[in-house]
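>
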Amino acid sequence: MHQLPSQFQAAHVIRPLASPALGSSSLTKEGTGGNSTDAGRQVLALCGFGYWVQGFRCFPWLALNFHLVHALNLSPATLQLVQNTGNLPMVAKPLLGVISDAVYIGDAHRLPYISIGVILQLVSWGTLASIPVTGETFPTQVTCILLSNLGASFAEVATDALVAEISRTRRSGELQSYAFIALAAGAMLGNLSGGFLLLKTPEPQILFVIFALLLSAQLALSLTTKETSIYPPQISNHRLIRSSLSENLSKQFSNLITAINEESISYPLSWIVASVAVVPILSGSMFCFQTQCLKIDPAVIGLSKVIGQLVVLSAAFFYERYSKRLPMRRLICGAQILYALSLLSDLILVKQVNIKLGISNEAYVLCLSALAEAIAQFKMLPFSVLFSRLCPSGCEGSLLAFFASAMCLSSILGGIFGVGLASLIGVTSGDYSSMATGILVQFVAALVPLGWTSCIPITKNPEEMRMAKRRRA
């Protein structure tokens, strides 16, 4: 536009649920030598490459969107329904997070789930590359989309948890910022190369094959990396506890519910989820308007996404450098206002005001089309840092997966509201005259969350939050 094996043995090897927090020393000083340090760096390299591939998923998705619109002639509402339905597996992330926290596969509980996720994605995109892209295979294509996002959910949950574990005693937001940078870099290259390749060839299968090859490289890296290298010897050598799967999962679910019920987590979580859900998403309608009505080339749309990711990349650098000086509430309020204004900027394109000002449609789409999406993506970074610092030890995968799932569900709700709004105001493939009304509704809805910004903490430092809470009491 951005699950688990069926059977396990009765007994499972898990780590203690109250294991010590992991620090940066686990990658350097606590290692048993140079090999341990190199292996720890390999884990970080795997995480970075995983985020890069996650961002690069826009590469095959750009081809898929053009195929759905031009080859299958899907209406704007149908396209948006397919996009949002395809995201449904992402809602299962809390379950995957709980399982990743509680259930070891061999001696690891992160990397095996990354491998499983990559395999599922490899199967789905490989299948899409091998079947004809016609209306008869549309059900198979939808199945592959669901399978791909299921695999992505596996990989993202495990990678997010790894980053949260490693970053516990590092400088606030450092690894999360690097993750966002890798994500944005992958998205930049994916959109740029995808747009130009679609101009050279009308066949989307070529892009599917290229992405499948990248997934193969990620799978090879995940299978050759040792997860135990990130843990200090005192944890690695700790006596493992064996208990039943049901007992482990029940305990982990209980820990997750306890963490979510903490005001320091539940309030900001409620705000960020609601701020996305209340805004009707018209991305499918805008995509159809740009490609069908304005005849914008794929390369221009791809380049616009690249510029959007450059904005994300710059914002992530800025946040990583100056995050300690910025009050979180003020930062998020500013981002929300910019988000609302960027949604309103689509009105200039729909009303063709840019033409009257001497700005071509291509230039306007190139510079401003992806701005709202970029701001919405960056807005998640401070919350990711906050939840990584606040989540209890042993609950990293569960809490961050719940956060990702809640964000996905809120996006789906926003998409459903967008489909309903488009149908209500009469936006169709041949009639975009009422798009301006929809954009105005979006703008007003994006301003609504500013009314309850008191849910957002002023600071993201847990100790400062506890002191502020004691002063209020």
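Under the UniProt record's numbering, the residue at position 177 of the sequence shown is numbered 177, and the numbers go up by one with no gaps.
Don't be surprised by glycine CBs; every beta carbon is placed ideally from N, CA and C.
Remember, predicted model here, so these are calculated numbers, not experimental data.
DSSP state of Ala108, grouped into three classes?
Here the question's residue 108 lines up with position 108 in the sequence shown. Ala108 falls in the strand class under three-state DSSP.
> For the candidate residues Tyr267, Val273, Ala63, Leu368, whose alpha-carbon lies nearest to that of residue 540?
The requested residue 540 is not part of the displayed model; the chain covers only 1 to 473.
> Is Thr428 helix, strand or coil by DSSP?
Translated into positions along the sequence shown, residue 428 becomes position 428. In the structure shown, Thr428 sits in a strand (DSSP, three-state: E or B).
> Return the CA-CA distance between Val444 and Cys455, expressed in angstroms with no decimal places.
As a working note, residue 444 is residue 444 in the sequence shown. As a working note, residue 455 is residue 455 in the sequence shown. For Val444 and Cys455, the distance between alpha carbons rounds to 20 Å.
> How would you write the range of the alpha helix (DSSP H) that Gly302 sits in, first residue to last?
On the sequence shown, residue 302 is found 302 positions in, with the first residue counted as 1. First-last of the alpha helix (DSSP H) with Gly302: 298 to 322.
> Determine the closest residue to Glu176 out of Ser266, Gln205, Phe208, Arg389, with distance taken between C-alpha atoms.
Counting from one through the sequence shown, the residue named residue 176 turns up at place 176. It is worth fixing the name first, because residue 176 is Gln in this sequence and not Glu. Among Ser266, Gln205, Phe208, Arg389, the Cα nearest to that of Gln176 belongs to Arg389.
> Less than 6 Å between C-beta atoms, sequence neighbours within five positions excluded: which residues of the same chain meet that for Ala108?
In the sequence shown, counting from the first residue as 1, residue 108 sits at position 108. Glu227, listed in sequence order.
> My understanding is that Cys58 touches Gly190, with C-beta atoms under 8 Å, so please give their C-beta distance in whole angstroms.
Indexing the sequence shown from 1 puts residue 58 at position 58. Indexing the sequence shown from 1 puts residue 190 at position 190. With 8 Å as the limit, Cys58 and Gly190 qualify as a contact, their Cβ atoms being about 4 Å apart.
> Could you check what DSSP says for Arg57 in three-state terms: helix, strand or coil?
Walking along the sequence shown from the start, residue 57 turns up at place 57. Coil.
> Where does the unbroken alpha helix (DSSP H) through Ile281 begin, and where does it stop?
Locating residue 281 in the sequence shown gives position 281, where the first residue counts as 1. Element bounds for Ile281: n/a, residue is neither H nor E.
> Below 8 Å, can you find three or more Cβ-Cβ pairs linking the stretch 65 to 83 to the stretch 397 to 409?
No: the two stretches stay apart, fewer than three of their Cβ pairs being nearer than 8 Å.
> Run through DSSP, which three-state label would Leu450 get?
As a position in the sequence shown, residue 450 is number 450, starting the count at 1. Correct three-state label for Leu450: helix.
> Skipping 5 residues on each side, what residues in its chain have a beta carbon closer than 8 Å to that of Ser52?
Working through the sequence shown from its first residue, we reach residue 52 at position 52. Correcting the residue identity first, residue 52 is Trp in this sequence and not Ser. Cβ within range, chain order: Ala182, Leu183, Ala185, Gly186.
> Would you say Thr258 faces chain D, with C-beta separation under 8 Å as the test?
Absent from the structure: chain D. Only one protein chain is present.
> Please report the straight-line C-alpha distance between Ser384 and Pro132, rounded to a whole angstrom.
Locating residue 384 in the sequence shown gives position 384, where the first residue counts as 1. Locating residue 132 in the sequence shown gives position 132, where the first residue counts as 1. The straight-line gap from Cα to Cα measures roughly 40 Å.
> Is the CB-CB distance between Val448 and Val273 below 8 Å?
Position 448 of the sequence shown holds residue 448. Position 273 of the sequence shown holds residue 273. Not in contact: Val448 and Val273 (Cβ atoms no closer than 8 Å).
> Could you check where the alpha helix (DSSP H) with Ser177 kicks off and where it finishes?
Numbered from 1 along the sequence shown, position 177 holds the residue referred to as residue 177. Note, Ser177: alpha helix (DSSP H), 174 to 200.
> Secondary structure at Glu203, three-state DSSP: helix, strand or coil?
Taking the sequence shown and counting its residues from 1, the one referred to as residue 203 is at position 203. Glu203 falls in the coil class under three-state DSSP.
> For Phe211, which option in Ala161, Ser148, Asn248 has the closest C-alpha, if you only look at C-alpha atoms?
For the purposes of this step, residue 211 is taken as residue 211 along the sequence shown, with counting starting at 1. Among Ala161, Ser148, Asn248, the Cα nearest to that of Phe211 belongs to Ser148.
> Assign Glu262 to one of three DSSP states: helix, strand, or coil.
The sequence position of residue 262 within the sequence shown is 262, counting from 1. Coil, per DSSP.
> So, helix, strand or coil for Asn65, using DSSP?
Start at 1 with the first residue of the sequence shown, and residue 65 comes out as number 65. If DSSP states are grouped into helix, strand and coil, Asn65 belongs with the helices.
> Go ahead and pull the three-state DSSP assignment for Thr459.
Start at 1 with the first residue of the sequence shown, and residue 459 comes out as number 459. In the structure shown, Thr459 sits in coil (DSSP, three-state: anything other than H, G, I, E or B).
> Give the range of the alpha helix (DSSP H) segment to which Thr85 is assigned.
For the purposes of this step, residue 85 is identified with residue 85 of the sequence shown, where counting begins at 1. 76 to 86 is the span of the alpha helix (DSSP H), which, as asked, contains Thr85.
> Who are the near neighbours of Leu310 in its chain, counting only those whose CB is closer than 7 Å to its CB and skipping five residues on each side?
The residue labelled residue 310 in the question sits at position 310 within the sequence shown. Taken in chain order, the residues that qualify are Met188.
> Rounded to the nearest angstrom, how far is the Cβ of Val91 from that of Thr225, given a contact under 8 Å?
Here residue 91 refers to the residue found at position 91 when the sequence shown is read from its first residue. Here residue 225 refers to the residue found at position 225 when the sequence shown is read from its first residue. No, Val91 and Thr225 are not in contact; Cβ-Cβ is about 28 Å, not under 8 Å.
> Is Asp346 buried or exposed, if buried means 16 or more other CB atoms sit within 10 Å of its CB?
Taking the sequence shown and counting its residues from 1, the one referred to as residue 346 is at position 346. The residue is buried, with at least 16 neighbouring Cβ atoms inside 10 Å.
> Excluding the 5 residues flanking Ile105 on each side, which residues of the same chain have their C-beta closer than 6 Å to its C-beta?
Numbered from its first residue, the sequence shown carries residue 105 at position 105. Once the five neighbours on either side are set aside, the close Cβ partners of Ile105 are Pro112.
> For Ala436, collect the residues of the same chain with a Cβ closer than 7 Å to its Cβ; drop the 5 residues on either side in sequence, then sort them by chain order.
Your numbering for residue 436 matches position 436 in the sequence shown. Only Leu347, Val350, Lys351 meet the Cβ criterion.
> How about the stretch 353 to 367 and the stretch 125 to 144: do they share at least three Cβ pairs that are nearer than 8 Å?
The stretch 353 to 367 is not in contact with the stretch 125 to 144.
> Among Gly430, Phe138, Thr137, which has the Cα closest to the Cα of Thr291?
Taking the first residue of the sequence shown as position 1, residue 291 is located at position 291. Per the Cα distances, Gly430.
> If I follow the unbroken alpha helix (DSSP H) through Phe378, where does it start and stop?
Translated into positions along the sequence shown, residue 378 becomes position 378. Run containing Phe378: 371 to 378, per the alpha helix (DSSP H) assignment.
> Less than 7 Å between C-beta atoms, sequence neighbours within five positions excluded: which residues of the same chain meet that for Ser275?
Along the sequence shown, one-based indexing puts residue 275 at 275. Closer than 7 Å at Cβ, skipping near neighbours: Gln336, Pro449.
> Can you tell me whether DSSP reads Lys251 as helix, strand or coil?
Here the question's residue 251 lines up with position 251 in the sequence shown. Correct three-state label for Lys251: helix.
> Suppose the cutoff is 7 Å on Cβ atoms and the five residues either side in sequence are ignored; what does the same chain contact list for Tyr267 look like?
For the purposes of this step, residue 267 is taken as the residue at position 267 of the sequence shown. Contacts found: Cys455.
> Among Leu223, Thr201, Leu214, Lys251, which residue has its Cα nearest to the Cα of Val103?
To locate residue 103, count along the sequence shown from 1; it is residue 103. Considering only alpha carbons, the answer is Lys251.
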